[in-house]
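**Student:** Please read through the structure below; I'll follow up with questions.
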Amino acid sequence: MMYADHIVTNAMVWQPPGVAPADTVAIADGVIVAVGTGVDRDLVAATTEMHDLGGASLLPGFIDAHVHPVAGGLAALRCDLSELAHDRRGYLDAVAAFARSHPEAPVITGSGWYGDAFEGGLPTKADLDAVVDDRPVVLSSHDGHGVWVNGIALRIAGIDRHTPDPTGGRIERDADGEPTGVLFERAADAVQALTPAIDDATLREALLVAQRRLHSVGVTGWQDAGVDIPAFGLSDTLATYLAADEAGELTARVCGALWWAAASGAGQIDTLRERRDAARTGRRFHVDTVKVMQDGICENCTAAMLSPYSELPSGADAMGLSFLEPDELNEICSLLATDRFHIHMHAVGDRAVRECLDGLAAARTANPRFAAVHQIAHLDVVDPNDIPRFAALDVMANIQALWARRDTEIIERKLPLLGPGRERWHFPFGSISAAGGALAMGSDWPVTDPNPLWAIHTAVNRTGSQSDPHAIGDEARTVPLVREEALSLRTAVDAYTIGAARAAHCADRSGSIEVGKDADLVALSGDITAVDDIGCLSARMTMVGGAVVAR
């Protein structure tokens, strides 16, 4: 006789449309063995743990389709500004306090600042010089695309008014051409080189810190969007994942994406194969995807646009930056598909989105028999002519819905750059879905918070949740950002569960509540279908493979 290890009852069980309602799920040996109405007493033993949800929702565990967990964990171990209010004085006080408490650190490193805390939208080296002037300070922005440094960091890195902007980057300058202390994209490489290498033990600790945080908000698995990404001050984390998985410390299900180094060309394919093979025997971790980054972000004018930015800062490229030429991008996508790699692309501007769709069209032609889950992440601006191509090319839209609201930073910095014509196609998630495009949802943490419920609230309402402290501005929580692009609750939840499971290539075991699937589940604090502010709910219990990992 089989007995259940756990029975979750009196729940609003998230079921696909057309399936009979259920209020009870039984779990044995880590697998869902029954979904129905009422408790089957034949499954109950003295050892069965009963969970009465009191009418709250039971969902498939959230899967974060695009996240950088080791960077998020590392931020918590450094000078972490991400949890602070958006306030210049508060940031500076935190940096000063961290420097005082770490006198041995040769460089003060950290991350998490938002530009809307500063007049003009960006911080300056003078601010940092006033609190730390005896060693370099290197602080990544919350989005990872800019770095705030003090004067000594610029001097040691050899960056001054005569330093040209590097390919793929920009040095922010004042009216006299002097660097102001903010470096965008590849312009930050020289100061990032000043930061000490992160040892293996610290990387391992960062991964486990991140895993606890993600489990606490109901995340049971994720796709790491670059295990060797040259951002956030990180080194290669593939070995970190492999070691944690082998030691049984990795409780989440993780799909890792390898990084396509733009400067290395086609010759890196052999290394990518070797790294994929190294993860083939993983218990909870696998690698089958390559991340290709095609542009930057709109806020610093490095996102690649089809037409010029409407208001151009001094020194910015009028059309943004494509990191790979279209012909080369097509060749790269074809090469990767031929070698049976799934392709995960970063595209923010409408030109980058088009270039990536063209590249994935080439990939489909190169290997039409490969049932690849190719995806494009972010999609801040999409030309309406390209929206039907997601479905036509079977390309998944990997969306970060938390961004789709009228935050101060978006209203003051981003929308003026886009202009009114492009604003209509700002995060056009509803249009992509309506045209038949598949959606997966992720957080891009530590760029923004990893709480899926905040993101789902924003996807459905195009406003910020009352519980989200980063929804900054008079309109962030009250005025929808392009209301017609909102998603239904069903579409949004499915994007963060079964859609994200497809993106992370684990939909055969996770992403829905079905008999025979692994018990990857999240119990919420209330009924997600019956609240106005979804973000005010919380994860009450998180379970992976039948084991409770957070409660």
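Quick note, the sequence shown lines up with residues 1 to 551 if you use full-length UniProt numbering. Ideal Cβ positions, reconstructed from N, Cα and C, are used throughout, including at glycine.
Rounded to a whole number of angstroms, what is the C-alpha to C-alpha distance between His68 and Leu234?
**Tutor:** 10 Å
**Student:** Is it buried or exposed, Gly265, if we count other Cβ atoms within 10 angstroms and call 16 or more buried?
**Tutor:** Its Cβ having fewer than 16 others within 10 Å, Gly265 is exposed.
**Student:** Mind pulling the alpha helix (DSSP H) runs of 4 or more residues that sit fully within the stretch 44–111?
**Tutor:** 69–77 and 88–101
**Student:** Is the number of C-beta pairs between the stretch 501–518 and the stretch 446–463 that are closer than 8 Å three or more?
**Tutor:** no
**Student:** When burial is assigned at 16 or more other CB atoms within 10 Å of the CB, is Thr428 buried or exposed?
**Tutor:** Residue 428 is actually Pro in this sequence, not Thr. It is buried - the Cβ of Pro428 has at least 16 other Cβ atoms within 10 Å.
**Student:** Assign Pro103 to one of two classes, buried (16 or more other C-beta atoms within 10 Å of its C-beta) or exposed (fewer than that).
**Tutor:** exposed
**Student:** Return the Cβ separation of Asp116 and Ile297 in integer angstroms, given the expectation that the two are a contact with Cβ distance under 8 Å.
**Tutor:** No, Asp116 and Ile297 are not in contact; Cβ-Cβ is about 15 Å, not under 8 Å.
**Student:** Since Ala75 and Ser101 should fall inside the 8 Å C-beta cutoff, what is the C-beta to C-beta distance between them, to a whole number of angstroms?
**Tutor:** Not a contact, Cβ separation roughly 16 Å.
**Student:** For Glu274, tell me which candidate among Ile63, Trp222, Ala523 and Ala239 has the shortest Cα-Cα distance.
**Tutor:** Ala239
**Student:** Which value, in whole angstroms, describes the spacing of the CA atoms of Leu537 and Arg212?
**Tutor:** 19 Å
**Student:** I need the straight-line Cα distance from Ala500 to Asp160, nearest angstrom please.
**Tutor:** 44 Å
**Student:** Determine the extent of the beta strand (DSSP E) in which Gln223 is found, giving its start and end residues.
**Tutor:** Val219 to Asp224
**Student:** Measure from the alpha carbon of Asp189 to the alpha carbon of each residue in Ile198, Thr167, Leu84 and Gly151, then state which is nearest.
**Tutor:** Thr167
**Student:** Could you name the residues of the same chain whose beta carbon sits closer than 8 Å to that of Gly158, not counting the 5 residues immediately before and after it, in chain order?
**Tutor:** Ala190
**Student:** If you reduce the DSSP assignment to three classes, tell me which class Leu242 lands in.
**Tutor:** helix
**Student:** For Ser307, is the classification buried or exposed, using 16 other Cβ atoms within 10 angstroms of its Cβ as the cut-off for buried?
**Tutor:** exposed
**Student:** Let's test the definition: count the other Cβ atoms within 10 Å of the Cβ of His162 and tell me whether it reaches 16, buried, or not, exposed.
**Tutor:** exposed
**Student:** With a CB to CB cut of under 6 Å and the five nearest residues on each side skipped, what residues in its chain are close to Pro60?
**Tutor:** Thr497, Gly511, Ser512 and Ile513
**Student:** Ala401 and Gly349 - do their beta-carbons sit closer together than 8 Å?
**Tutor:** no
**Student:** Looking only at C-alpha atoms, which of Ala459, Ala523, Gly419 and Ala530 sits nearest to Glu484?
**Tutor:** Ala459
**Student:** Can you tell me which of Ala197, Glu185, Pro17 and Val292 puts its alpha carbon nearest to the alpha carbon of Gly226?
**Tutor:** Val292
**Student:** Helix or strand or just coil, what does DSSP make of Val191?
**Tutor:** helix
**Student:** From what residue to what residue does the beta strand (DSSP E) around Leu272 run?
**Tutor:** Here Leu272 belongs to no beta strand (DSSP E); instead the alpha helix (DSSP H) covers Ile269 to Ala278.
**Student:** Specify, as a first and last residue, the run of the beta strand (DSSP E) that Leu489 falls within.
**Tutor:** Counting along the chain, Leu489 falls outside any beta strand (DSSP E), though it belongs to the alpha helix (DSSP H) covering Leu489 to Tyr496.
**Student:** By DSSP, does Leu379 sit in helix, in strand, or in coil?
**Tutor:** coil
**Student:** Answer yes if the stretch 171–179 comes into contact with the stretch 194–201, meaning at least three C-beta pairs across the two stretches below 8 Å, and no otherwise.
**Tutor:** Flag = no, the stretch 194–201 and the stretch 171–179 do not touch.
**Student:** Comparing the CB of Arg351 with every heavy atom of the ligand HEM, is any distance shorter than 7 Å?
**Tutor:** Absent from the structure shown: the ligand HEM. Ligands present: none.
**Student:** What's the call for Gln375, buried or exposed, on a 16-neighbour Cβ count within 10 Å?
**Tutor:** buried
**Student:** Taking contact to mean 3 or more Cβ pairs, one atom from each stretch, closer than 8 Å, check whether the stretch 335–354 and the stretch 366–381 are in contact.
**Tutor:** yes
**Student:** Could you tell me which residues DSSP pairs with Ser140 in its beta bridges?
**Tutor:** Ser111 and Val147
**Student:** With the cut-off set at 8 Å, would you say Val8 and Val25 are in Cβ contact?
**Tutor:** yes
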